[in-house]
Amino acid sequence: MAGSATLNRPRSKAKDQLQLPFGQDESAVTPAESSMPAKSSTKSKDRTVKSAKPSKAAAPREESGTGKRRAAKSGFATAESMSKSQREISVSEFFAKNRHLLGFDNKRKALLTTVKEAVDNSLDACEEAGLLPDVHVRISQTDAERYAVTVRDNGPGIVKQQIPNVFGKLLYGSKFHRLKMSRGQQGIGISAAGMYGLLTTGKSVRITSRTGKRSDAHYYELQINTKTNDPQIVKEKTVSVDWEHGTEVTIELVATYQKGRASVDEYLELTAIANPHARFEFVDPDGAVVVLPRGTDVAPAPAVEIKPHPYGIELGVLIKMLKDTRAKTMSQFLSHEFSRVSSGTASTICEKADVGARSNPHRIGTHEAETLYKAMQETPIRAPATNCLSPIGEQQVLAGLLKGVKAEFFTATTRPPAVYRGNPFQIEVGLAYGGELGPDPSAEEEQAKQASEAVVRRGKVVTESKAPSAAKLLRFANRVPLLFQPGGCCITKAVTETDWRRYGLSQPGGGLPQGPLAIFVHMASVWVPFTSEGKEAVADYDEIRKEIKLAVQDCGRKLQAYLNRRKKQKYESDRRSIFQRYIGELVNSVAAIKRINKQELTDQLLAIATKVTARADEEVELIGGDGAGPARGKKSSGKAGKNAKGGGKTAGTEAASSEYGENTIVVDRAGEAPGPLFK
Numbered sequence: 140m141a142g143s144a145t146l147n148r149p150r151s152k153a154k155d156q157l158q159l160p161f162g163q164d165e166s167a168v169t170p171a172e173s174s175m176p177a178k179s180s181t182k183s184k185d186r187t188v189k190s191a192k193p194s195k196a197a198a199p200r201e202e203s204g205t206g207k208r209r210a211a212k213s214g215f216a217t218a219e220s221m222s223k224s225q226r227e228i229s230v231s232e233f234f235a236k237n238r239h240l241l242g243f244d245n246k247r248k249a250l251l252t253t254v255k256e257a258v259d260n261s262l263d264a265c266e267e268a269g270l271l272p273d274v275h276v277r278i279s280q281t282d283a284e285r286y287a288v289t290v291r292d293n294g295p296g297i298v299k300q301q302i303p304n305v306f307g308k309l310l311y312g313s314k315f316h317r318l319k320m321s322r323g324q325q326g327i328g329i330s331a332a333g334m335y336g337l338l339t340t341g342k343s344v345r346i347t348s349r350t351g352k353r354s355d356a357h358y359y360e361l362q363i364n365t366k367t368n369d370p371q372i373v374k375e376k377t378v379s380v381d382w383e384h385g386t387e388v389t390i391e392l393v394a395t396y397q398k399g400r401a402s403v404d405e406y407l408e409l410t411a412i413a414n415p416h417a418r419f420e421f422v423d424p425d426g427a428v429v430v431l432p433r434g435t436d437v438a439p440a441p442a443v444e445i446k447p448h449p450y451g452i453e454l455g456v457l458i459k460m461l462k463d464t465r466a467k468t469m470s471q472f473l474s475h476e477f478s479r480v481s482s483g484t485a486s487t488i489c490e491k492a493d494v495g496a497r498s499n500p501h502r503i504g505t506h507e508a509e510t511l512y513k514a515m516q517e518t519p520i521r522a523p524a525t526n527c528l529s530p531i532g533e534q535q536v537l538a539g540l541l542k543g544v545k546a547e548f549f550t551a552t553t554r555p556p557a558v559y560r561g562n563p564f565q566i567e568v569g570l571a572y573g574g575e576l577g578p579d580p581s582a583e584e585e586q587a588k589q590a591s592e593a594v595v596r597r598g599k600v601v602t603e604s605k606a607p608s609a610a611k612l613l614r615f616a617n618r619v620p621l622l623f624q625p626g627g628c629c630i631t632k633a634v635t636e637t638d639w640r641r642y643g644l645s646q647p648g649g650g651l652p653q654g655p656l657a658i659f660v661h662m663a664s665v666w667v668p669f670t671s672e673g674k675e676a677v678a679d680y681d682e683i684r685k686e687i688k689l690a691v692q693d694c695g696r697k698l699q700a701y702l703n704r705r706k707k708q709k710y711e712s713d714r715r716s717i718f719q720r721y722i723g724e725l726v727n728s729v730a731a732i733k734r735i736n737k738q739e740l741t742d743q744l745l746a747i748a749t750k751v752t753a754r755a756d757e758e759v760e761l762i763g764g765d766g767a768g769p770a771r772g773k774k775s776s777g778k779a780g781k782n783a784k785g786g787g788k789t790a791g792t793e794a795a796s797s798e799y800g801e802n803t804i805v806v807d808r809a810g811e812a813p814g815p816l817f818k
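Going by our numbering, the letters in the sequence shown line up with residues 140 to 818, in that order.
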């Protein structure tokens with residue numbers, strides 16, 4: 140037989156040609172079976188070797204066991220062994236292993252993130268309660284590379300039952316499901332900071348909160364269970380405090396404290412600029428106390444929660460809303476669950492989608508929901524309401540810049556509200572020029588010319604001129620400074636894409652402009668599109684970038700008017716200086732030709748030079764700065780600029796509508812000490 144001949148071949152070849160049932164290897168074939176002659180198959184053209192069939196009763200047991208024996212022999216896992224190791228992962232456990240997503244990349248950044256999350260919560264709580272924030276921040280060193288961060292506010296406090304969940308559970312909060320401007324969004328920040336402290340030091344988060352003068356202060360020590368994402372109460376008691384209401388939280392963590400760029404100091408100083416209604420007191424590890432006073436006593440207008448806009452949802456969200464709604468008809472569903480959808484607009488949407496206006500939303504299928512979604516996107520609907528936003532306001536932007544930057548020229552503008560993906564947002568931009576930010580570029584050029592002349596005249600290097608430094612960009616989102624990832628931020632792209640040359644500034648390489656300039660850009664929105672959970676940069680949307688560029692260009696035109704005035708003044712001053720330099724020689728030449736009184740001619744020529752170059756004597760118009768209008772120089776010709784929503788009038792920052800434009804302040808900074816940002 141052919142099969143017998145095959146089995147009588149050498150052992151190595153027989154092993155290669157022996158074919159076994161699927162899932163069975165050679166170890167499962169008994170010696171008796173391997174010595175049996177194989178039968179030739181009549182149904183196939185190819186001649187194959189078949190092993191003897193096992194009994195039907197033994198087949199299932201043998202087939203299931205062979206896979207396990209093969210896996211055990213080879214070291215690979217089986218479906219059964221893999222199923223034993225599969226389990227649910229809690230959000231706390233995920234972020235404990237991926238802490239860099241939340242801003243805990245390194246020790247220095249971890250300290251800043253912890254302070255930032257606590258301060259953001261304090262400011263949100265105070266503003267929702269209608270209180271002017273008074274925030275105390277203390278950083279004390281407990282050991283080498285160990286610091287205790289304590290943040291206390293004068294907010295409304297937290298009720299006793301909610302304290303464990305607020306500080307000991309990730310994705311727990313009141314801000315995620317509502318469309319309303321706030322600093323926090325996800326309910327992660329302060330709990331993640333406490334979790335980082337627990338992971339690095341093993342210490343619990345300590346919280347003390349009091350809701351009123353007649354209420355007790357409750358003290359908790361909490362730890363977060365990363366496997367279940369639940370708080371564990373280590374200690375709970377009632378304590379006595381000397382403040383009427385507010386919350387104090389202390390987190391001990393492994394960190395590094397350094398001053399300078401992207402530090403806790405810079406974060407607090409920038410936060411004070413974007414929140415001029417807040418007062419901050421900071422005590423650093425060395426015990427030095429820094430107080431950042433309020434720039435205004437006017438609180439921002441409270442934001443109002445709105446419903447989602449039809450342009451801002453996706454198909455899956457619509458299907459979920461249809462299942463969860465309490466509305467009885469489609470008309471009620473569209474008009475009650477969405478913003479800016481009237482009964483007439485709802486009827487139009489239903490007609491386009493070929494869905495009955497009195498249909499039950501719970502009976503809408505997936506196909507009908509998709510048709511309804513397309514009809515919503517094709518129907519003209521008004522933009523969402525903007526009372527959900529609370530912008531800083533032009534007057535308050537000026538107040539913040541005056542408080543933090545000792546510049547000479549200030550201007551600000553607030554764009555009308557716009558929409559991206561159905562989410563309303565608003566852009567505000569402020570510029571600060573001159574003063575402590577650096578010398579005027581024209582003065583630097585003059586110094587460079589004089590230095591080059593000295594080199595040629597003396598034959599040696601006298602001085603080296605330095606190129607003007609790049610402008611300082613201050614990025615903010617919902618009043619929170621953005622200190623990291625500037626290159627991946629939409630704000631940076633919009634500012635660098637602006638042509639600053641047309642406003643009198645140099646811009647080599649298409650980057651940030653060069654000169655003594657600080658650029659303040661703030662985005663206010665119900666949902667800021669951050670690029671990551673760490674909230675370090677704004678995602679690039681065409682609508683957002685367009686609004687930023689328009690606001691920057693508006694401020695740039697005001698700056699251009701100021702710089703042109705300065706250039707004309709300098710030009711006339713140079714003309715007078717040149718004429719005065721040669722008056723003596725001119726008088727002597729005239730006197731040699733005709734007898735004349737030299738002193739009288741000199742006085743007449745000086746009078747003519749003064750009259751012709753009268754603009755050189757005009758001091759730059761000083762507007763605002765002390766709340767009394769123009770400080771000196773000619774009288775301001777305009778009225779006080781209009782206040783933006785949430786701005787209000789601020790003592791000391793009455794911005795006049797002068798020849799430079801509305802909401803502009805010009806002050807004299809000669810002899811003043813640097814501001815907190817540029818010490």
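We put the CB at the ideal spot given by N, CA and C, even for glycine.
With 16 other Cβ atoms within 10 Å as the buried cut-off, status of residue i
i      : result
ALA427 : exposed
PHE233 : exposed
PHE126 : The structure shown has nothing for residue 126, since the chain only spans 140 to 818.
ALA264 : buried
ASP259 : buried
ASP425 : exposed
ASP693 : buried
ASN802 : buried
PRO647 : exposed
MET515 : buried
TYR721 : exposed
VAL373 : exposed
Residue from the options with nearest C-alpha to residue i
i      : options                           : result
TYR572 : GLN699, GLU509, PRO447 and ALA633 : GLN699
LEU744 : ALA731, ILE717 and ILE732         : ILE717
CYS489 : LEU511, SER343, ASN414 and LYS255 : LEU511
TYR311 : THR484, GLU408, ASN617 and ILE363 : ILE363
VAL437 : ASP713, LEU473, THR803 and ASN414 : ASN414
LEU250 : TYR359, PRO272, VAL403 and THR350 : VAL403
LYS111 : TYR680, TRP666 and ASP681         : Any question about residue 111 goes unanswered here, given that the chain covers just 140 to 818.
LEU240 : SER728, LYS542, ALA676 and LEU337 : ALA676
ALA332 : TYR721, SER712, ARG238 and GLN280 : ARG238
LEU461 : ALA551, HIS506 and ARG418         : HIS506
ILE658 : THR289, ALA610 and THR484         : ALA610
THR339 : THR377, LEU537 and ALA283         : ALA283
GLU711 : GLU739, VAL751 and ARG696         : VAL751
GLY351 : GLY328, GLY294, ALA551 and VAL373 : GLY294
LYS255 : SER279, SER231, ARG322 and LYS236 : ARG322
GLY695 : TYR642, ASN727, LYS459 and THR552 : TYR642
ALA485 : ILE503, ARG502, PRO449 and ASP713 : PRO449
Nearest-angstrom Cβ-Cβ length linking residue i and residue j, presumed shorter than 8 Å
i      : j      : result
GLY539 : GLY434 : 6 Å
LEU409 : PHE421 : No, LEU409 and PHE421 are not in contact; Cβ-Cβ is about 13 Å, not under 8 Å.
GLU375 : TYR359 : 5 Å
PHE623 : ALA401 : 7 Å
THR289 : GLU387 : 7 Å
PRO131 : LEU613 : Any question about residue 131 goes unanswered here, given that the chain covers just 140 to 818.
Contacting residues, own chain, Cβ-Cβ under 6 Å from residue i (five flanking each side not counted)
i      : result
GLU267 : none
GLY637 : Note on residue identity: the sequence assigns Thr, not Gly, to residue 637. Closer than 6 Å at Cβ, skipping near neighbours: LYS688 and VAL691.
VAL558 : ALA522
ILE390 : THR253, VAL288, ALA332, GLY333, GLY336 and VAL344
Beta-carbon proximity list for residue i, same chain, < 7 Å, skipping 5 on both sides
i      : result
THR464 : PHE472, GLU476 and PRO500
PHE243 : ALA249, THR252 and TYR335
THR487 : THR518
Residues near residue i by beta carbon distance below 8 Å, same chain, minus five either side
i      : result
THR133 : The structure shown has nothing for residue 133, since the chain only spans 140 to 818.
GLU454 : Just to set this straight, residue 454 is Leu in the shown sequence, not Glu. ALA508, GLU509 and TYR512.
Distance cut-off 6 Å: residue i Cβ against heavy atoms of the ligand FMN
i      : result
LEU310 : For the structure depicted, the ligand FMN is absent and the ligand set is empty, with no information on it obtainable.
Would you call the stretch 541-548 and the stretch 558-574 touching, i.e. three or more CB-CB distances under 8 Å? Contact between the stretch 541-548 and the stretch 558-574 is present, because at least three Cβ pairs lie under 8 Å.
Within the chosen definition, does the stretch 507-525 reach the stretch 469-480 through at least 3 CB pairs nearer than 8 Å? The answer is yes - the stretch 469-480 touches the stretch 507-525, with three or more Cβ pairs under 8 Å.
Using 8 Å as the Cβ pair cut-off and three pairs as the minimum, do the stretch 360-375 and the stretch 302-310 touch? They touch, by the three-pair rule.
Say whether the stretch 438-451 touches the stretch 293-300, bearing in mind that this needs 3 or more beta-carbon pairs closer than 8 Å, one atom from each stretch. The stretch 438-451 makes no contact with the stretch 293-300: fewer than 3 CB pairs, one atom from each, lie closer than 8 Å.
Would you call the stretch 618-637 and the stretch 684-694 in contact, with 3 or more CB pairs under 8 Å? The answer is yes - the stretch 684-694 touches the stretch 618-637, with three or more Cβ pairs under 8 Å.
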